[in-house]
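Participant:
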Amino acid sequence: MAEPAFNENGAFNINGQWATGLRYEVKLDGGSFAGGTIKFINGRKQVASAKIASREEAVEIIGERNVENIEAGKGKEKDATPGTAKGKLQAENLSFKQSYTTDKKPVNEIEATIERDTSLDKDVQAFLAKRREEMARSRQQRLQNERIVSTEERGDYGADTKTATTEATPGISQSVEDRAKAVPDAVKQRFIQVDNKFHFPDKTLAFEDHGRKLATRSENQEVVRSVVAIAHARGWERIAVRGTEEFRRAAWLEASLTGIEVSGYKPTKVEKAHLATLLERQGGIRENSIEEREPRERETGSTRPEQSPAASTAPAGSKRTLTPDVDHEAAAETPSDHHGTAAGVKLRDGVIAGQLLEHGEANYKHDPKKEKSYYVKVQTERGERTVWGVDLCRAVDESGAAIGDRVAIEKVGSKSVTAKERVFDKDGNEVGERAVDAHRNRWQVGSLEKAEAFTRYDRAEVVKKHPDLAPAYGTVAAAQKFAEKQFANKEDQARFVSIARQVVAEKIAHGENVPAPKIREAKVQGRPKDQGKDQDRSGPPKPREANQEFAR
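Everything in the sequence shown is counted per UniProt numbering, starting at 1 for the first residue and increasing by one.
1. Mind checking which residues open and close the beta strand (DSSP E) that includes T475?
2. Could you check what DSSP says for T380 in three-state terms: helix, strand or coil?
3. So, at 6 angstroms on beta carbons, what are the nonlocal neighbours of K104 in its own chain, with the 5 sequence-adjacent residues on each side left out?
4. Using a Cβ distance threshold of 8 angstroms, determine whether the region 38-50 contacts the region 11-28, with at least three qualifying pairs required.
5. In this structure, does DSSP put H232 in helix, strand or coil?
6. Could you please give me the residues that DSSP links to Q493 through a beta bridge?
7. Would DSSP call I499 helix, strand or coil?
8. Can you tell me the Cβ-Cβ gap for K365 and W388, rounded? I've got them flagged as a contact below 8 angstroms.
9. With 16 other CB atoms within 10 Å as the buried threshold, where does A276 fall?
10. So what does N513 bridge to, in DSSP terms?
11. From F200, Q486, N513, R501, pick the residue whose C-alpha is nearest to that of S447; which is it?
12. Have a look at the DSSP bridge pairing and note the partners of Q418.
13. Taking the alpha-carbon of A19 as reference, which of Q46, G432, F482, G36 has the nearest alpha-carbon?
14. Since I believe V445 is in contact with G511 (beta carbons under 8 angstroms), could you give me their beta-carbon distance rounded to a whole number of angstroms?
15. Under a three-way DSSP split, which group does S95 fall into?
16. So which of A435, A229, A395 has the shortest CA-CA distance to Y375?
17. Per DSSP, what kind of secondary structure is R23 in: helix, strand or coil?
18. By the three-class DSSP mapping on this structure, what secondary structure does A402 have?
19. Could you give the DSSP three-state label for E77: helix, strand or coil?
20. Fully enclosed by the region 251-284, which alpha helix (DSSP H) runs are 4 residues long or longer?
21. Once the 5 residues before and after E371 are set aside, which same chain residues still bring their CB inside 8 angstroms of it?
22. Taking the continuous alpha helix (DSSP H) assigned at F454, which residues delimit it?
23. Whole-angstrom Cβ separation of G264 and V227, contact assumed at under 8 angstroms?
24. Return the bridge partner residues of F33 from the DSSP annotation.
25. Determine whether the beta carbon atoms of A250 and Q221 lie at a separation below 9 angstroms.
26. For I409 versus L357, is the C-beta distance shorter than 9 angstroms?
27. In or out: H210 buried (at least 16 other Cβ within 10 Å) or exposed?
28. Let me know if residue 555 comes out buried or exposed under the rule of 16 or more other beta-carbons within 10 Å of its beta-carbon.
29. Taking 9 angstroms as the threshold (C-beta atoms), are I230 and L214 in contact?
30. What do you reckon, is the C-beta of L275 under 8 angstroms from a heavy atom of the ligand SAH?
31. Nearest to A72 by alpha carbon, out of A85, E60, A478?
32. Cα separation between D468 and F454?
33. Using 8 angstroms as the threshold, is the region 81-100 in touch with the region 187-204, meaning 3 or more CB pairs across them?
34. With a threshold of 8 angstroms on Cβ separation, who are the neighbours of D425 within its own chain once the five nearest residues in sequence on each side are excluded?
35. Can the beta-carbon of S54 be found less than 9 angstroms from the beta-carbon of T37?
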């Protein structure tokens with residue numbers, strides 16, 4: 001259905017029907033939407049209604065702007081009782097959105113297909129084939145880099161390159177059966193899997209895995225990226241997408257960036273141009289793992305008047321935020337605040353990079369009714385960002401970051417905990433507390449200053465300022481020795497060391513530990529008594545005569 005000219009304000013599309021007004025009768029908790037009933041009307045006719053349990057669910061269905069208008073009292077009736085809001089959004093107070101009520105929302109799916117979509121022109125098919133080849137080469141290079149660093153950290157410099165390649169292969173080459181069930185580690189870390197269902201940390205269902213079909217009722221960008229990542233991990237070269245236009249659009253873009261052919265969605269010229277811009281920004285090649293993915297900018301050139309709130313809020317169906325550590329910003333939104341690199345180092349997707357402005361303990365989101373948490377505020381390329389989580393206190397302390405430093409903040413895992421939640425009555429008075437199940441996030445804070453210094457400046461100068469970087473230089477020095485033994489060509493040696501230095505720099509930027517190469521004293525073989533001082537010493541020393549050797 002074509003969108004009318006008034007799609008910016010004054011109209012709403014719900015379940016495929018148009019509404020010109022939105023009647024609301026909701027509860028407010030400290031001025032914030034806390035549940036209620038929304039009725040969609042066209043003239044005097046009601047076309048749909050929805051009972052909403054939380055602000056997150058409201059944002060999913062009616063959009064952030066309309067929720068904010070309700071909280072601001074737009075269209076509010078004067079006789080509303082305290083702690084409630086009753087009224088009607090219409091005209092300039094009604095922000096356009098195309099949405100569905102929970103019971104009418106179609107299932108969104110991506111499914112592996114064999115047949116080629118003949119509607120794709122030859123140029124598009126050639127482009128996607130080229131992308132798949134580039135992705136394969138990029139992935140192979142990444143695995144090789146990881147092997148190098150793994151070798152360095154173990155001090156296993158006696159292994160030759162052929163052995164290294166052979167040993168790495170079992171981790172790459174999966175059986176057909178294993179690959180058909182493959183799920184990237186990053187997806188496993190971000191969701192809770194129960195049988196074939198994957199849930200958000202707040203226990204809301206994110207998507208279901210049916211083998212060659214992945215299904216969800218969400219349009220959450222994190223879910224879209226995750227199901228596409230699974231498709232890629234399973235080697236799907238062609239997929240069919242079904243469901244809402246928003247889902248199909250997002251799935252098309254994500255899949256196209258990985259070289260997967262998509263049927264079921266026809267992109268506009270603007271969307272094709274947006275894809276080209278993203279590819280250009282990424283330098284033409286992007287490894288399709290969630291960890292390595294280049295960030296997607298919000299679509300500024302899209303014909304959509306408003307980005308789906310699913311990309312920036314908690315999933316639909318969320319009843320409430322259980323504790324300050326259920327961080328929907330990190331778990332559901334995760335937009336990277338960098339363009340793939342910072343300080344000359346590639347950063348993983350989901351990392352928040354910028355200048356540290358302030359950090360400290362406070363009530364969650366500075367709401368006096370919430371529990372104590374810890375926050376970190378940074379100035380990113382896109383503006384100020386504040387991240388919340390109890391574990392941030394430890395992460396910042398271990399990083400040694402000071403106000404003004406450039407840092408990289410990343411959520412690296414979570415664990416189940418039982419937390420206490422304060423309970424308030426309808427008048428806002430605290431009446432007690434209750435135990436709730438929650439997930440506590442674990443964070444890492446890295447230093448972009450240190451990563452940049454490591455890659456650009458003299459070792460002595462850097463170690464004097466940052467003594468903790470000495471092991472990193474030791475790792476690179478060990479890689480240099482290894483390269484000299486393994487490669488006769490100077491260019492190959494330099495390339496090997498360059499890769500090692502870059503991977504170590506990425507570890508520093510992400511706040512990961514870079515242990516020094518392990519060394520041990522070796523027993524010196526005693527020389528037979530009949531070997532005199534005139535023995536020929538022109539040849540190279542035998543391995544056992546070395547006074548040191550690298551240990552595994």
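Here a beta-carbon is modelled for each residue, glycine too, at the ideal position from N, C-alpha and C. Only a predicted model underlies this, so the values are computations on that prediction, with no experimental measurement involved.
Facilitator: So, from the listed chains and residues:
1. Not the beta strand (DSSP E): T475 falls in the alpha helix (DSSP H), residues 470-486.
2. strand
3. N15
4. yes
5. Here DSSP, grouped into helix, strand and coil, assigns H232 to helix.
6. According to DSSP, which records beta bridges pairwise, Q493 is partnered with nothing at all.
7. Look at I499 here: in three-state DSSP terms it is helix.
8. In this structure, K365 and W388 form a Cβ contact; the two beta carbons are roughly 7 angstroms apart against a cut-off of 8 angstroms.
9. exposed
10. Note: N513 sits in no beta bridge, so no partner.
11. With distances taken between Cα atoms, S447 lies closest to N513.
12. One detail in the question is off: residue 418 reads as Thr in this sequence, not Gln. Paired residue(s): D437.
13. Q46
14. 5 angstroms
15. strand
16. A395
17. Correct three-state label for R23: strand.
18. A402 falls in the coil class under three-state DSSP.
19. coil
20. The qualifying runs are 269-281.
21. Correct list, in chain order: T323, P324, N363, Y364, A419, K420, E421, R422.
22. 448-456
23. Going by Cβ atoms, the distance from G264 to V227 rounds to 14 angstroms, so no, they are not a contact pair.
24. The partner list for F33 (beta bridge, DSSP) reads L28.
25. yes
26. Taking 9 angstroms as the Cβ cut-off, I409 and L357 do not qualify as a contacting pair.
27. Counting the other CB atoms within 10 Å of its CB gives H210 a total below 16, which places it among the exposed residues.
28. Beyond the ends of the chain as shown, which are 1 and 552, falls residue 555; an answer cannot be given.
29. yes
30. In the structure shown, the ligand SAH is absent, as is every other ligand, since no ligand is present at all.
31. A85
32. 11 angstroms
33. no
34. V431
35. no
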